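Reviewing the structure listed below.
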Amino acid sequence: MVFESGWIAILLIAVVAVIILSVFFSFFPVMLWISALASGVRLSIITLVAMRLRRVVPSRIVNPLIKATKAGLGLNINQLESHYLAGGNVDRVVNSLIAAQRANIPLEFERAAAIDLAGRDVLQAVQMSVNPRVIETPVVSAVAKDGIEVKVKARVTVRANIDRLVGGAGEETIIARVGEGIVSTNGASASHKDVLEHPDRISRTVLEKGLDAGTAFEILSIDIADVSVGKNIGADLQTEQAEADKRIAQAKAEERRAMAVAQEQEMKARVIEMRARVVEAESDVPLAMAEAFRNGQLGVMDYMNYRNIEADTEMRGAIAKPEESKRNQDDHNQNR
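When we follow the numbering used here, the leftmost residue of the sequence shown carries the number 4, and every step to the right adds one.
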């Protein structure tokens, strides 16, 4: 029992020792401190512990500081820690400073930190300053004065302008401005053949406009990658205009036809109205003749002569227009 109690005590002591060492090394990064001293970075262990208390990961500060010291940048730990606490990427800033130093590009820590905090990749900007980037524009469609569509694709070679990275426009602005320059240049060409024969005219015109003003880039060159002929926009517009004019003319003609039909129906109604008036007037003839008989103004012979003349007129009408005479005779008989 005494032997087993001794082993249990030793085991407990070992567990407590491991826990104490774990807590110690978590707050006292001794290995990181040794690495810094071996690299020529003078740090106290208290400084590393204070980083822990400020919720700063010591390795994210010490390792970039070691690289900066080896590169001869002359940075101090307060600069790196303040940038880390501001939400910046310390390792990327230090790498960009080392790359700028190797490429003889003037870049201060404050400038690099401001670019990083602005949300731009400062290391990529330094690399782009050394190795320019090619931006390919989408196919830009423009119409020359002769109405022919010309499709142009361009490649823009740009270099990062570190001084304008903060507050400067990005790639989308460059693409939009180049597209605007292509459209204006093609639109000013008298014929699409001029664009096909001299595509370099587009590059010169666009470069002369200073499209990189206010952007984070410097345009080195604009090269026309492809030029092709599209649709005959002018002919299509004329065709659509002619079709629209035709529809307008058809609508006006239909309006006039409708008005003519309405006028014709109105005239027919007026004819019927006049016929009704004639029938009404004819209905007064028998009444007038009866009145003349009663007053002695019309005799029997006069009436017989009137009937003979009427019959003779109807006979001649029947000979001249049989169908119309028959219709008139039927109407007359009905009226009587």
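Glycine included, C-beta positions come from ideal geometry on N, C-alpha and C.
Small disclaimer: the values here were computed from a predicted structure and weren't measured.
- Straight-line Cα distance separating A254 from A216: Working through the sequence shown from its first residue, we reach residue 216 at position 213. Working through the sequence shown from its first residue, we reach residue 254 at position 251. Answer to the nearest angstrom: the Cα atoms are 54 Å apart.
- Item | Limits of the alpha helix (DSSP H) - the one that S230 falls within | The sequence position of residue 230 within the sequence shown is 227, counting from 1. Checking the displayed sequence, the identity of residue 230 turns out to be Val instead of Ser. Element bounds for V230: not the alpha helix (DSSP H) but the beta strand (DSSP E), 220-235.
- Item | Rounded straight-line distance, which links the Cα of P61 to that of L51 | The count along the sequence shown starts at 1 and reaches residue 51 at position 48. The count along the sequence shown starts at 1 and reaches residue 61 at position 58. Approximately 6 Å between the Cα atoms of the pair.
- Item | Exposed unless 16 or more other CB atoms sit within 10 angstroms - verdict on G171 | Translated into the one-based positions of the sequence shown, residue 171 becomes position 168. By the neighbour-count criterion, in which 16 or more other beta carbons inside 10 Å mark a residue as buried, G171 falls on the buried side.
- Message: Checking 8 Å against the spacing of the C-beta atoms, do V96 and A74 come in under that value?
- Response: The sequence position of residue 96 within the sequence shown is 93, counting from 1. The sequence position of residue 74 within the sequence shown is 71, counting from 1. In this structure, the beta-carbon distance from V96 to A74 does not fall below 8 Å.
- Give me whichever residues DSSP pairs with K154 in a beta bridge. Position 151 of the sequence shown, counted from the first residue, corresponds to residue 154. BP columns for K154 point to S144, S231.
- Whether P202 touches I165 by CB criterion (8 Å): Along the sequence shown, one-based indexing puts residue 202 at 199. Along the sequence shown, one-based indexing puts residue 165 at 162. No, these two residues do not count as a Cβ contact at 8 Å.
- Query: Using 8 Å as the threshold, is the stretch 233-249 in touch with the stretch 203-215, meaning 3 or more CB pairs across them?
  - Reply: Counting C-beta pairs closer than 8 Å gives fewer than three between the stretch 233-249 and the stretch 203-215, which falls short of the contact rule.
- I275 classed as buried or exposed, judged by whether at least 16 other C-beta atoms fall within 10 angstroms: Counted from its first residue, the sequence shown places residue 275 at position 272. It is exposed - the Cβ of I275 has fewer than 16 other Cβ atoms within 10 Å.
- Item | Simplified DSSP assignment, three categories, for I138 | As a working mapping, residue 138 is identified with position 135 in the sequence shown. Strand at I138.
- Message: Between which residues of its own chain and R319 is the CB-CB distance below 8 Å, once the five residues before and five after are set aside?
- Response: Residue 319 sits at position 316 when you count from the first residue of the sequence shown. So no residue of the chain qualifies.
- Message: Please tell me whether V153 and A145 are closer than 8 Å, where the distance is taken between their beta carbons.
- Response: Residue numbering aside, residue 153 sits at position 150 when the sequence shown is read from its first letter. Residue numbering aside, residue 145 sits at position 142 when the sequence shown is read from its first letter. Contact flag set, yes.
- DSSP state of K249 mapped onto helix, strand, coil: Against the sequence shown, residue 249 aligns to sequence position 246. Helix.
- How long is the line joining the alpha carbons of K234 and D149, rounded to whole angstroms? Taking the first residue of the sequence shown as 1, we reach residue 234 at position 231. Taking the first residue of the sequence shown as 1, we reach residue 149 at position 146. Take the alpha-carbon of K234 and the one of D149: they are about 12 Å apart.
- Message: Measuring alpha carbon to alpha carbon, tell me which residue in I151, T188, I108, G184 is nearest Q130.
- Response: Within the sequence shown, residue 130 is the residue found at index 127, counting from 1. The residue with the shortest Cα to Cα distance from Q130 is I108.
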